[in-house]
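S.K.: One structure is given below, represented as structure tokens, and several questions about it will come after.
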Amino acid sequence: MRPVYMLSGGITKFAKAHPDKDFRLMVKEAFDAALGDLDGRLTTRDIDGSVISYFSDHFTGQLKAGAMVQDFVGLCPKPNIRIEGGGATGGLCFQAAVQAVASGRFEVCAAMGFETMSTVETWKGNDFIALASDTHFDYPLGGFYTGYYAMMAVRHMHEFGTTEEQMARVAVKNYGNAAHNPFAQHRRAVTVEEVMKSAMIAYPCRRMTTCVMSDGAAVCLLASEEAARKFCDHPIRVAGIGSGSDTMRMADRPHGRVPLLAHESEGDYRDLKYPGVHSFRAGRMAAMEAYGQAGIADPRREIQAWELHDAYASAELQQYEDVGLCKYGESGRFIDDGHPTIRGSNPVNPSGGLLACGHPVGATGLMQLVFCFWQCQETIARHFGDPFCQVKDVRRAAAYSHAGTGTYVTISILEKP
Amino acid sequence: MKLPEKSEGPWVTNFDPLTRQWTYSVTYNVSYAEDSPFFHALARGKLLGSCCPRCRYRYATPRTMCMSCGGPTEWFELPLEGRVHSWTICHFSGEPYLAECPFALGLIEFEGVDTLFMTRLAGIEQPRIGMPVRAQFRRKQTWSVNDVYFVDATAEEARP
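Top line first, the protein sequences correspond to chains A and B.
If you count the first sequence from 1, position 17 lands on 17 in the working numbering, and the numbers rise without skipping.
If you count the second sequence from 1, position 145 lands on 1145 in the working numbering, and the numbers rise without skipping.
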């Protein structure tokens, strides 16, 4: 495989609804923003093909919507494929585009994602999302993903002593960061008390520790080394990609041994049954593959900024452990000690994450990578009009995209060349 | 000639940008196929799991093929008593289940069985992990996984 570089990225501000823009126009705006960032040096003529991601045909009410995006942004008659994988759709789209360039098939590839969730009310949206659980065994019990994550969180609390306050602290951190991010949907800092008083959705997941429905689009432009040199002054290298999967039904997850990262040992987890429903084995597998490619031995020291998939605050805690920012069972203390805050030792979701930015599913994983790209370029201040969210001295930034109850996970690591 | 005018509505929820309502509903004929014996058994007040004759791995939620060796599994009768492995109470949900909120969900573990079973918990105000629970079956079948739910095994009415 040859090296792959990210040249630029674009995001349409995520919002509850964009009734004035259909999905084609949202993607076009993000696409034009990405091209605009290259000062007109790269045009549609230079793009060899695209990968387009959106999660739900139900939300879109339009099959083959990817073909309509390809058409609208002016990339016909070039190759295009649609990628779908639940909440990880955006991360999978990015990785498919990386592979298209790495294989030598394309010199330049556009990864474009969107979701229009405002077409239905929130409770109908919950129903559509729940169709991404086993419709014979899981969905009929209540049709509600927050319920599944709540059960994982309750087990995490039981295994490791994690508390509701620690989940609230994740939300406070992320909303606080997003107050400085103009692309975010929720831009108001909140307190632990406010989060703890917000309505209970499914214990222990509350209104303010659960992400909301969004409309939005995001685009990443990827290229070979030669094309990167031609079109971009500050390309960022894709240092590694990894992904993993797990059983569709969380009830089927095994209770075995922990696959160890380089900085962990057997003795750390003598009594832990893994993954059970408290941990994301797919996230651990994705981390192992991506770290191997990027040559990372200790992610705590070698990755300076993370965008994790905080669709629920509890899931962000679980993910600290899966990616090895702390050991299994230590995520509560990790947030209590402030490590994942923007000026902490391991900043997580400096953008505000899904909780604050929104989660227009097919765009989310790409949005995370645009933020990671700007972190590595150190251009957050220019793009946000505010330097607050820029992590200091970023050499590598990583994005974690996540589907189902951990059914697919992708991790993509960007690195300053 | 003129086409007949249409009068059904309301169709437009906003004029600019023009936003029109569209209702699209479907009735599917969904086969449980190889999982049918599980649903048949619920009607007889039995819970069936799957056991791999090669790996001896026992699944509380049916899988007709073993996920570790790939071979066919055999049906076996699960005990009707288990323990709560995890739980939640849903105060909000997807549209078809909104009217049932709040409702409790549980993952059930069974002695000597390797995986879990997801179900509704009924009549338990405050579920807790490790709580003994017992399967109850609906008298009138819905022919869905909701034909079984679990109640507090220590409660009077839970005794068989």
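The beta-carbon is built from N, C-alpha and C at its ideal position, and this holds for glycine as well.
#1: Leaving out five residues on either side along the sequence, give the residues of the same chain with a beta carbon under 7 Å from the beta carbon of Y418(A).
#2: When you compare each of T89(A), I413(A), G147(A), F31(A) to A287(A) by their alpha carbons, which one comes out closest?
#3: Using a Cβ-Cβ cut-off of less than 8 Å, give me the residues of the segment 304-329 of chain A that come near chain B, in sequence order.
#4: Taking beta-carbon pairs under 9 Å, can you tell me which members of the segment 141-154 of chain A lie near chain B?
#5: Do P1079(B) and E1111(B) come within 8 Å of each other at the CB atom, strictly closer than that value?
#6: What in chain B is Cβ-close to G332(A), meaning under 7 Å?
#7: Under 8 Å, CB to CB, which of the residues in the segment 1131-1150 of chain B have a partner in chain A?
#8: Taking Cβ to Cβ, would you say A30(A) is nearer than 8 Å to I47(A)?
#9: Tell me where the alpha helix (DSSP H) around L420(A) begins and ends.
#10: Which residues does DSSP list as the beta-bridge partners of D336(A)?
#11: Report the three-state DSSP secondary structure of R155(A) (helix, strand or coil).
#12: So, is the C-beta of K124(A) closer than 8 Å to a C-beta in chain B?
#13: Going by DSSP in three states, V1173(B) sits in which element: helix, strand or coil?
#14: By the DSSP assignment, the alpha helix (DSSP H) with C220(A) in it spans what residues?
#15: Below 6 Å CB to CB, which residues in the same chain sit around A97(A) once its five sequence neighbours on both sides are set aside?
#16: Quick check: the segment 373-390 of chain A against the segment 59-77 of chain A, are at least 3 beta-carbon pairs closer than 8 Å?
#17: Where does L261(A) fall in DSSP's three states?
#18: Would you call the CB atoms of G1106(B) and G143(A) closer than 8 Å?
#19: Determine the chain A residues that contact W1022(B) at a beta-carbon separation under 8 Å, and present them in chain order.
#20: Cβ of A65(A) less than 8 Å from any chain B Cβ?
#21: Inspect the CB distances between the segment 144-164 of chain A and the segment 119-134 of chain A and report whether three or more fall short of 8 Å.
#22: Three-state secondary structure (DSSP) at I236(A)?
#23: Cutting at 7 Å between CB atoms, please list the residues of its own chain near A227(A), excluding the five before and the five after it.
#24: Starting from L1048(B) and walking both ways along the alpha helix (DSSP H), at which residues does that stretch end?
#25: What span of residues does the alpha helix (DSSP H) with W374(A) cover, start to end?
#26: On the three-state DSSP scale, how would you describe R1120(B)?
#27: Using the three-state DSSP reduction, which class does I296(A) fall into: helix, strand or coil?
#28: By a C-beta neighbour count over all protein chains shown, 10 Å radius and 16 as the cutoff for buried, is G113(A) buried or exposed?
#29: Taking only three categories from DSSP, how would you classify G145(A)?
#30: How big is the Cα-Cα spacing for Y1028(B) and E225(A)?
#31: Taking buried to mean at least 16 other C-beta atoms within 10 Å of its own C-beta, is M208(A) buried or exposed?
#32: With a cut-off of 8 Å, does the C-beta of I1089(B) fall near any C-beta of chain A?
#33: Would you say V238(A) and M1(A) are within 8 Å of each other, going by their C-beta atoms?
#34: For a quick check, are the C-beta atoms of R188(A) and Y203(A) less than 8 Å apart?
#35: So, with DSSP's three-state summary, where would you put S331(A)?
#36: Comparing the C-beta of G1049(B) with each C-beta of chain A, is any distance below 8 Å?
M.R.: If we stick to the structure as given:
#1: Beyond the ends of chain A as shown, which are 1 and 417, falls residue 418(A); an answer cannot be given.
#2: Start at 1 with the first residue of the first sequence, and residue 287(A) comes out as number 287. Minimum Cα distance to A287(A) is reached at I413(A).
#3: none
#4: L141, G142, G143, F144, Y145, T146, G147, Y148, Y149, A150, M151, M152, A153, V154
#5: Counted from its first residue, the second sequence places residue 1111(B) at position 111. Counted from its first residue, the second sequence places residue 1079(B) at position 79. Contact flag set, yes.
#6: What you label residue 332(A) is simply residue 332 of the first sequence in a count that begins at 1. Simply none; closest approach about 17 Å.
#7: S1144, V1145, N1146
#8: Here residue 30(A) refers to the residue found at position 30 of the first sequence. Here residue 47(A) refers to the residue found at position 47 of the first sequence. Contact: no.
#9: As displayed, chain A neither begins before 1 nor continues past 417, which places residue 420(A) out of reach and without an answer.
#10: In the first sequence, the residue the question calls residue 336(A) occupies position 336. Paired residue(s): none; D336(A) is not in a bridge.
#11: Position 155 of the first sequence, counted from the first residue, corresponds to residue 155(A). Three-state result, R155(A): helix.
#12: Residue numbering aside, residue 124(A) sits at position 124 when the first sequence is read from its first letter. K124(A) counts as touching chain B.
#13: Coverage of chain B is limited to positions 1001 through 1160, which leaves residue 1173(B) absent and any answer about it impossible.
#14: What you label residue 220(A) is simply residue 220 of the first sequence in a count that begins at 1. Segment 215-224 is the beta strand (DSSP E) holding C220(A); no alpha helix (DSSP H) there.
#15: As a first step, residue 97(A) is located in the first sequence; it is residue number 97 there, counting from the start. So the qualifying residues of the chain are V51, C109, A111, L222.
#16: no
#17: Mapped onto the first sequence, residue 261(A) falls at position 261. Coil, per DSSP.
#18: Within the second sequence, numbered from 1, the residue matching residue 1106(B) stands at position 106. Within the first sequence, numbered from 1, the residue matching residue 143(A) stands at position 143. Contact flag unset, no.
#19: Against the second sequence, residue 1022(B) aligns to sequence position 22. Ordered by position in chain A, the residues that pass the 8 Å Cβ test against W1022(B) are G61.
#20: If you number the first sequence from 1, residue 65(A) lands on position 65. Not an interface residue.
#21: yes
#22: To locate residue 236(A), count along the first sequence from 1; it is residue 236. It is a strand residue.
#23: Locating residue 227(A) in the first sequence gives position 227, counting from the first residue. For A227(A), where only same-chain residues beyond five positions count, the Cβ hits under 7 Å are E107, V108.
#24: Walking along the second sequence from the start, residue 1048(B) turns up at place 48. That residue, L1048(B), is in no alpha helix (DSSP H); its beta strand (DSSP E) goes 1048-1051.
#25: The residue given as residue 374(A) occupies position 374 in the first sequence. Looking at the DSSP string, the run of the alpha helix (DSSP H) that includes W374(A) is 361-377.
#26: Position 120 of the second sequence, counted from the first residue, corresponds to residue 1120(B). In the structure shown, R1120(B) sits in a strand (DSSP, three-state: E or B).
#27: On the first sequence, position 296 is the one that residue 296(A) refers to. Three-state DSSP puts I296(A) in coil, outside helix and strand.
#28: For the purposes of this step, residue 113(A) is taken as the residue at position 113 of the first sequence. By the neighbour-count rule (16 or more Cβ atoms within 10 Å), G113(A) is buried.
#29: For the purposes of this step, residue 145(A) is taken as the residue at position 145 of the first sequence. Note that residue 145(A) is Tyr in the sequence shown here, rather than Gly. Note: Y145(A) maps to helix in three-state DSSP.
#30: In the second sequence, residue 1028(B) corresponds to position 28, counting from 1. In the first sequence, residue 225(A) corresponds to position 225, counting from 1. Roughly 50 Å separates the two Cα atoms.
#31: Locating residue 208(A) in the first sequence gives position 208, where the first residue counts as 1. The residue in question, M208(A), is buried, as its Cβ has 16 or more Cβ neighbours within 10 Å.
#32: Within the second sequence, the letter at position 89 stands for residue 1089(B). Cβ-Cβ to chain A under 8 Å: yes for I1089(B).
#33: In the first sequence, the residue the question calls residue 238(A) occupies position 238. In the first sequence, the residue the question calls residue 1(A) occupies position 1. The answer is no: Cβ separation not under 8 Å.
#34: For the purposes of this step, residue 188(A) is taken as residue 188 along the first sequence, with counting starting at 1. For the purposes of this step, residue 203(A) is taken as residue 203 along the first sequence, with counting starting at 1. In this structure, Y203(A) does not lie closer than 8 Å to R188(A) by Cβ.
#35: As a position in the first sequence, residue 331(A) is number 331, starting the count at 1. Correct three-state label for S331(A): helix.
#36: Here the question's residue 1049(B) lines up with position 49 in the second sequence. With 8 Å as the cut-off, G1049(B) does not count as an interface residue toward chain A.
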